[in-house]
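Residue numbers (my numbering): 1 to 183.
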């Protein structure tokens with residue numbers, strides 16, 4: 001009796017297998033200036049590709065003080081990808097640099113929220129798109145910025161709250177005041 005090993009069917013019996021997007025990560029100067037760089041990521045950001053992202057971010061920081069990480073074309077992200085981005089963000093702040101995530105797809109933002117890492121990175125709005133919505137989970141009323149528990153910064157005006165409330169919130173954060181936001 002002979003045993004024949006047969007590889008699994010990659011299509012799982014489907015006529016059209018789902019497209020696999022290869023991972024790509026590159027950086028370039030932003031707006032022709034030398035103070036800012038843009039890193040574009042596409043494909044699956046997972047344990048096999050997170051180190052390539054970390055290396056690309058390191059290369060861009062050797063040339064620019066502000067790095068914009070464009071995640072628009074990321075089709076999948078796991079905890080390794082989130083960890084690489086959060087580590088890069090922490091290192092950037094320690095070196096007095098800035099890492100801003102832009103054009104973050106909903107499925108990527110959901111992974112950051114589920115892993116409770118969304119408050120450890122700076123997420124900016126897509127310049128060509130609508131403003132960011134407010135975070136899905138409630139924030140405490142105490143000033144966490146003053147206590148140093150978070151590094152999240154407001155970089156875009158949320159569309160889901162009124163202008164007056166937003167202005168009060170920004171003033172309270174800047175002035176370090178604690179205010180009752182239940183009204």
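Glycine included, every Cβ here is placed at the ideal spot set by N, Cα and C. Note that the structure is predicted; figures quoted are calculated from it, not measured.
* Kindly list the residues whose CB is nearer than 7 Å to the CB of residue 47, restricted to its own chain and excluding five residues on each side of it in sequence; keep chain order. => Taking the chain shown and counting its residues from 1, one reaches residue 47 at position 47. These residues qualify, in order along the chain: 78, 80.
* From residue 61 to residue 51, what does the alpha carbon distance come to, in whole angstroms? -> The residue given as residue 61 occupies position 61 in the chain shown. The residue given as residue 51 occupies position 51 in the chain shown. Each residue's alpha carbon lies about 15 Å from the other.
* Asked: Between which two residues does the alpha helix (DSSP H) containing residue 66 stretch?
  -> Translated into positions along the chain shown, residue 66 becomes position 66. From DSSP, residue 66 is part of no alpha helix (DSSP H) but of the beta strand (DSSP E) over 66–77.
* Asked: From residue 101 to residue 122, what does the alpha carbon distance come to, in whole angstroms?
  -> Taking the first residue of the chain shown as position 1, residue 101 is located at position 101. Taking the first residue of the chain shown as position 1, residue 122 is located at position 122. Whole-angstrom Cα-Cα distance: 6 Å.
* By Cβ distance, which residues of its chain are closer than 6 Å to residue 76, with the 5 residues on each side in sequence left out? -> Residue 76 sits at position 76 when you count from the first residue of the chain shown. Cβ neighbours of residue 76 beyond the five flanking positions: 44.
* Should residue 24 be labelled buried (16 or more other beta-carbon atoms within 10 Å of its own) or exposed? -> Position 24 of the chain shown, counted from the first residue, corresponds to residue 24. By the neighbour-count rule (16 or more Cβ atoms within 10 Å), residue 24 is not buried but exposed.
* Take every Cβ of the segment 53–69, pair it with every Cβ of the segment 82–94, and state whether three or more of those distances are shorter than 8 Å. => yes
* With 16 other Cβ atoms within 10 Å as the buried cut-off, status of residue 64 -> For the purposes of this step, residue 64 is taken as residue 64 along the chain shown, with counting starting at 1. Answer is buried; the Cβ neighbour count reaches 16.
* To do: Go to residue 101, then tell me how far its beta strand (DSSP E) extends in each direction, as first and last residue.
  => The count along the chain shown starts at 1 and reaches residue 101 at position 101. Residue 101 -> beta strand (DSSP E) spans 98–102.
* Roughly how many whole angstroms lie between the Cα atoms of residue 132 and residue 40? -> Taking the first residue of the chain shown as 1, we reach residue 132 at position 132. Taking the first residue of the chain shown as 1, we reach residue 40 at position 40. At residue 132, the pLDDT of 46 sits below 50, so the modelled position is not reliable; the number obtained from the coordinates is stated separately. For residue 132 and residue 40, the distance between alpha carbons rounds to 20 Å.
* Reduced DSSP category for residue 38 - H, G, I as helix; E, B as strand; rest coil -> Translated into positions along the chain shown, residue 38 becomes position 38. Reduced to three states, the DSSP call for residue 38 is strand.
* To do: Determine the direct distance from the alpha carbon of residue 125 to that of residue 103, and round the result to whole angstroms.
  => Numbered from 1 along the chain shown, position 103 holds the residue referred to as residue 103. Numbered from 1 along the chain shown, position 125 holds the residue referred to as residue 125. Those two C-alpha atoms are separated by around 7 Å.
* Between the C-alpha atoms of residue 73 and residue 107, what's the straight-line distance to the nearest angstrom? -> Mapped onto the chain shown, residue 73 falls at position 73. Mapped onto the chain shown, residue 107 falls at position 107. Near 11 Å, if we compare the C-alpha coordinates of residue 107 and residue 73.
* **Reduced DSSP secondary structure (H/G/I, E/B, other) of residue 157** => Within the chain shown, the letter at position 157 stands for residue 157. Because the pLDDT at residue 157 is just 48, under 50, the model does not fix this residue reliably, and the value given afterwards should be weighed accordingly. Coil at residue 157, not helix or strand.
* So the beta strand (DSSP E) residue 240 belongs to, where does it begin and stop? -> The requested residue 240 does not occur in the structure, where the chain is confined to residues 1 to 183.
* Would you grab the beta carbon distance between residue 27 and residue 35 for me? Rounded to a whole angstrom, and I think it's under 8 Å. => Locating residue 27 in the chain shown gives position 27, counting from the first residue. Locating residue 35 in the chain shown gives position 35, counting from the first residue. Not really, about 14 Å apart at Cβ, beyond 8 Å.
* Under 8 Å Cβ to Cβ from residue 98, same chain only, skipping five residues before and after it: list those, please. => Indexing the chain shown from 1 puts residue 98 at position 98. Here the set comprises 65, 66, 67, 92, 122.
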